[in-house]
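**Q** As numbered in this note's numbering, the sequence shown has no gaps in its residue numbers, which increase by one up to the final residue, 367.
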Amino acid sequence: MRQSLAVLLSLLLLSSLAPAGAQQQPPPQPPPPQEPEFRVPVRVELVTVPLVVWDARAEFVYDLAREEVTLLDNGVPQQLRSFELATQPVSLVVLVDTSQRVKPLLERVREVGILITSNILGQFGEAALLTFDSFVTRRQEFTSDAEEFLRAFERIPAGGTESRLADGLDQAMRLLAQRPQGRRRVILVISEALDKGSSTPLGVPLRVAQLNDITVYTISLSALEADLHRRPEETPVKPSPYPPGVFTRPGTPGQPQTPTTVAQEQYARADLFNAVATLVRTLRDTMGNDVLEVYAHGTGGVSHSTFGRAELENVLNRIGQDLHSQYLITYTPSNRDQNGYHKIEVRLGRPGLGVRHRPGYFVGPPL
């Protein structure tokens with residue numbers, strides 16, 4: 001204690017001996033306003049479960065009766081408060097990866113915005129637009145004006161080298177949590193299946209989505225396709241350590257070596273290396289942990305992979321059909337005071353049907 005006081009007194013003495021003419025430090029600026037604290041509730045009063053049902057021909061089923069549905073929460077049958085075909089308007093956040101890794105595919109993404117407004121939003125839907133790379137940027141606030149949304153979507157710029165997927169999802173959750181009750185909350189992620197640079201733990205958005213009845217649909221952009229479309233000038237090639245005109249590798253048979261032909265061969269080799277490296281890395285990541293698939297499955301949505309514009313268009317059409325073929329179940333858990341993970345299971349009384357819903361939700365201390 002005495003040593004600490006001595007240090008403090010020494011500092012005060014030094015500050016008092018500072019030259020009188022020394023420039024005074026400007027007064028500290030007030031900290032920027034912070035967003036309201038975003039906390040996950042501890043107690044769950046009402047759980048909403050979007051439900052998609054299909055038959056043996058993979059066609060959506062629209063005539064399911066309430067009496068054919070049994071829902072269990074941690075193995076305990078629940079009393080359903082409501083069961084109906086979903087007609088509630090959609091509140092959608094579109095979250096787009098704009099990192100340098102997917103830059104060659106962004107023009108293709110910008111061209112399919114009309115499918116989002118026409119097939120996914122519906123007549124009374126609203127949408128907001130976020131992009132993420134080294135930063136998360138809000139490009140468009142919630143709007144029900146399709147033309148306004150499309151103008152923002154078609155101007156999506158390429159950004160930095162990071163890919164802050166979890167941070168982007170965190171911001172999307174905050175936006176949706178503020179929307180009025182009675183709307184279906186949906187996030188559409190268009191991104192490479194990679195998170196790089198996020199400060200948000202990957203598990204946090206998933207827990208928040210489950211407790212706020214948010215469904216996540218994901219479209220995985222192909223890093224291999226992006227590399228194949230990358231322009232040569234975007235693929236760095238190390239400068240040669242040899243003097244101009246000195247070539248250390250044999251050229252193409254029948255073609256004289258010039259600085260131009262050598263540079264072209266170097267670019268081609270760099271592109272091929274990037275494509276092969278991406279293929280190896282993607283295989284390893286997919287076998288390990290595909291974050292987009294985890295987010296979609298964990299919220300009752302669907303994860304799609306795309307290669308080419310036609311497939312991207314088909315996927316957007318399928319997401320629209322899926323979203324507008326849902327049933328909505330609500331219930332108040334009889335075991336809602338139970339902390340930990342609550343597993344949801346839906347059983348159908350009609351044989352031969354497939355069903356998809358979110359697998360559960362987590363109740364615990366506020367995040």
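Backbone N, C-alpha and C fix where the C-beta goes; we use that ideal spot for every residue, glycine too.
#1: Secondary structure at residue 355, three-state DSSP: helix, strand or coil?
#2: Should residue 321 be labelled buried (16 or more other beta-carbon atoms within 10 Å of its own) or exposed?
#3: I need the DSSP call for residue 101, collapsed to helix, strand or coil.
#4: Alpha carbons only, please: which of 347, 317 and 316 is nearest the one belonging to residue 329?
#5: List the DSSP bridge partners of residue 304.
#6: Quick check on residue 205: does DSSP put it in helix, strand or coil?
#7: Distance, Cα to Cα, residue 126 vs residue 314?
#8: Tell me the rounded alpha-carbon separation between residue 75 and residue 108.
#9: Is it the case that the Cβ atoms of residue 158 and residue 198 are separated by a distance below 7 Å?
#10: Specify, as a first and last residue, the run of the alpha helix (DSSP H) that residue 297 falls within.
#11: Going by CA-CA distance only, name the one from 70, 45 and 55 that's closest to residue 351.
#12: Here's the rule: buried if 16 or more other CB atoms are within 10 angstroms of the residue's CB, otherwise exposed. What is residue 11?
#13: With a floor of 4 residues, list each alpha helix (DSSP H) that falls wholly inside the segment 131–170, ordered by position along the chain.
#14: Does the beta-carbon distance from residue 336 to residue 44 come in below 7 Å?
#15: So, residue 331 versus residue 53, is the Cβ gap smaller than 7 Å?
#16: Give me the Cα-Cα distance between residue 182 and residue 213, rounded to the nearest whole angstrom.
#17: May I ask which residues mark the beginning and end of the alpha helix (DSSP H) holding residue 109?
#18: Taking the Cβ atom as the reference point for each residue, do residue 134 and residue 162 lie within a distance shorter than 7 Å?
#19: Between the C-alpha atoms of residue 68 and residue 302, what's the straight-line distance to the nearest angstrom?
#20: Classify residue 72: buried if its beta carbon has 16 or more other beta carbons within 10 angstroms, exposed otherwise.
#21: Among 342, 353 and 203, whose alpha-carbon lies nearest the alpha-carbon of residue 363?
#22: Buried or exposed: where does residue 296 fall if 16 or more other Cβ atoms within 10 Å of its Cβ makes it buried?
#23: Measure the CB-CB distance between residue 179 and residue 82 and report whether it falls below 7 Å.
#24: Based on the DSSP output, what are the partners of residue 187 in its beta bridges?
#25: Where does residue 66 sit, in a helix, a strand or coil, going by DSSP?
#26: Just to confirm, is the Cβ distance from residue 115 to residue 221 under 7 Å?
#27: Between which two residues does the alpha helix (DSSP H) containing residue 323 stretch?
#28: Would you call the CB atoms of residue 385 and residue 175 closer than 7 Å?
#29: Hey, is residue 362 close to the ligand MG, as in C-beta under 6 Å from one of its heavy atoms?
#30: Can you give me the C-alpha to C-alpha distance between residue 160 and residue 360, rounded to a whole angstrom?
**A** With the given structure in hand:
#1: Residue mapping note: residue 355 aligns to position 355 of the sequence shown, counting from 1. If DSSP states are grouped into helix, strand and coil, residue 355 belongs with the strands.
#2: Walking along the sequence shown from the start, residue 321 turns up at place 321. Exposed.
#3: Stepping through the sequence shown from its first residue, residue 101 is reached at position 101. Helix.
#4: Here residue 329 refers to the residue found at position 329 when the sequence shown is read from its first residue. Restricting attention to 347, 317 and 316, the CA atom closest to the CA of residue 329 is found in 347.
#5: The residue labelled residue 304 in the question sits at position 304 within the sequence shown. Residue 304 pairs with 219.
#6: Mapped onto the sequence shown, residue 205 falls at position 205. Look at residue 205 here: in three-state DSSP terms it is helix.
#7: Numbered from its first residue, the sequence shown carries residue 126 at position 126. Numbered from its first residue, the sequence shown carries residue 314 at position 314. Near 22 Å, if we compare the C-alpha coordinates of residue 314 and residue 126.
#8: As a first step, residue 75 is located in the sequence shown; it is residue number 75 there, counting from the start. As a first step, residue 108 is located in the sequence shown; it is residue number 108 there, counting from the start. Each residue's alpha carbon lies about 46 Å from the other.
#9: For this step, residue 158 is matched to residue 158 along the sequence shown. For this step, residue 198 is matched to residue 198 along the sequence shown. No, the Cβ-Cβ distance between residue 158 and residue 198 is not below 7 Å.
#10: What you label residue 297 is simply residue 297 of the sequence shown in a count that begins at 1. Segment 291–299, the alpha helix (DSSP H) holding residue 297.
#11: Within the sequence shown, numbered from 1, the residue matching residue 351 stands at position 351. Nearest C-alpha to residue 351: 55.
#12: Here residue 11 corresponds to residue number 11 of the sequence shown, with the count starting at 1. Its pLDDT being 41, under 50, residue 11 is placed unreliably by the model, and nothing is read from it.
#13: As far as the segment 131–170 is concerned, its whole alpha helix (DSSP H) runs of at least 4 residues are 146–153.
#14: Within the sequence shown, the letter at position 336 stands for residue 336. Within the sequence shown, the letter at position 44 stands for residue 44. Cβ atoms of residue 336 and residue 44: closer than 7 Å.
#15: Looking up residue 331 in the sequence shown gives position 331. Looking up residue 53 in the sequence shown gives position 53. In this structure, residue 331 keeps its C-beta atom at 7 Å or more from the C-beta atom of residue 53.
#16: Taking the sequence shown and counting its residues from 1, the one referred to as residue 182 is at position 182. Taking the sequence shown and counting its residues from 1, the one referred to as residue 213 is at position 213. When the Cα atoms are used, residue 182 and residue 213 turn out to be separated by approximately 11 Å.
#17: Numbered from 1 along the sequence shown, position 109 holds the residue referred to as residue 109. Start and end: 106–110.
#18: What you label residue 134 is simply residue 134 of the sequence shown in a count that begins at 1. What you label residue 162 is simply residue 162 of the sequence shown in a count that begins at 1. Taking 7 Å as the cut-off, the Cβ atoms of residue 134 and residue 162 count as close.
#19: Here residue 68 refers to the residue found at position 68 when the sequence shown is read from its first residue. Here residue 302 refers to the residue found at position 302 when the sequence shown is read from its first residue. Each residue's Cα considered, the two are about 24 Å apart.
#20: Within the sequence shown, numbered from 1, the residue matching residue 72 stands at position 72. Its Cβ having fewer than 16 others within 10 Å, residue 72 is exposed.
#21: On the sequence shown, position 363 is the one that residue 363 refers to. Taking each of 342, 353 and 203 in turn and checking the Cα distance to residue 363, the smallest one comes out for 342.
#22: Along the sequence shown, read from residue 1 onward, the residue named residue 296 stands at position 296. It counts as buried.
#23: Here residue 179 refers to the residue found at position 179 of the sequence shown. Here residue 82 refers to the residue found at position 82 of the sequence shown. Cβ atoms of residue 179 and residue 82: not closer than 7 Å.
#24: Your numbering for residue 187 matches position 187 in the sequence shown. DSSP output for residue 187 lists 93 and 216 as bridge partner(s).
#25: The sequence position of residue 66 within the sequence shown is 66, counting from 1. In the structure shown, residue 66 sits in a helix (DSSP, three-state: H, G or I).
#26: To locate residue 115, count along the sequence shown from 1; it is residue 115. To locate residue 221, count along the sequence shown from 1; it is residue 221. Not closer than 7 Å, so no.
#27: For the purposes of this step, residue 323 is taken as residue 323 along the sequence shown, with counting starting at 1. Boundaries of the alpha helix (DSSP H) around residue 323: 309–323.
#28: Absent from the structure is residue 385, since the part of the chain shown begins at 1 and ends at 367.
#29: The ligand MG is not among the ligands present in this structure, which contains no ligands whatsoever.
#30: Here residue 160 corresponds to residue number 160 of the sequence shown, with the count starting at 1. Here residue 360 corresponds to residue number 360 of the sequence shown, with the count starting at 1. Rounded to the nearest angstrom, the two C-alpha atoms are 35 Å apart.
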